[in-house]
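When you line the sequence shown up against mature numbering (1 follows the signal peptide of the UniProt record, and there is no 0), it's residues -24 to -1, 1 to 104, in that order.
Below is one structure; the comments refer to it alone.
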Amino acid sequence: MQIHHLACSIRNPIFLLLSCPSLTIHIQHVQTDLHVNTPSTTPNIETGWEAPAGSVRTFTIPEHWRAGRIWGRRNCDFSNNPGPNSCTDGGCNGGLQCDPRSGTGVPPATVAEWTLGDENGLDWYDGG
């Protein structure tokens, strides 16, 4: 898996442009520094949503947020099965709203990941 360095900081905002016919999106917030003295270091956005084709989603990340990932889920049915097998791929604990602590996606899924401001002040991204 290849890791890429971002040439510029993407602290605020993050944009998602979706071109799939229909997709359920999950965003996982990863708090890597448990000692940050702020009320919240995760973006103020739900942990899953349905995204129609061509839709755009924008959210702002807090200053001390360090890392995260976004992945799509397909063919989901949350009515009778709110668990990790509620989607053909990418399902997670919690159903549509993935559990922020144990909601890691079930493979296969295409994931976009990033780390902002590592120990050298660099931002990194990866997709796969």
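Glycine is no exception: its CB is placed at the ideal position from the N, C-alpha and C atoms.
For clarity, every value in this text was computed on a predicted model and none was experimentally measured.
Exercise. Going by beta carbon distance, what residues of the same chain come within less than 7 Å of residue 84, once the five residues before and after it are set aside?
Worked result: Taking the sequence shown and counting its residues from 1, one reaches residue 84 at position 108. These residues qualify, in order along the chain: 65.
Exercise. For residue 42 versus residue 93, is the C-beta spacing smaller than 8 Å?
Worked result: Taking the first residue of the sequence shown as 1, we reach residue 42 at position 66. Taking the first residue of the sequence shown as 1, we reach residue 93 at position 117. For residue 42 and residue 93, yes; Cβs fall inside 8 Å.
For this session: Closer than 6 Å by C-beta to residue 103: which residues in its own chain qualify, once you throw out the five before and the five after it? Chain order, please.
Result: Reading the sequence shown from its first residue, position 127 is the one you call residue 103. For residue 103, where only same-chain residues beyond five positions count, the Cβ hits under 6 Å are 88.
For this session: Give every residue of the same chain whose Cβ lies closer than 8 Å to the Cβ of residue 54, excluding the five residues on either side of it in the sequence, and list them in chain order.
Result: Mapped onto the sequence shown, residue 54 falls at position 78. The answer, listed in chain order, is 62, 71, 72.
For this session: Between the Cα of residue 35 and those of 44, 58, 21, spot the shortest distance and give me the residue it belongs to.
Result: In the sequence shown, counting from the first residue as 1, residue 35 sits at position 59. It is 21 whose Cα lies nearest to the Cα of residue 35.
For this session: Could you tell me if residue 49 is buried or exposed, where buried requires 16 or more neighbouring beta carbons within 10 angstroms of its beta carbon?
Result: Within the sequence shown, numbered from 1, the residue matching residue 49 stands at position 73. By the neighbour-count rule (16 or more Cβ atoms within 10 Å), residue 49 is buried.
Problem set entry | Same chain, Cβ closer than 6 Å to residue 24, five either side skipped, listed in chain order | Translated into the one-based positions of the sequence shown, residue 24 becomes position 48. For residue 24, where only same-chain residues beyond five positions count, the Cβ hits under 6 Å are 2, 72, 73, 74.
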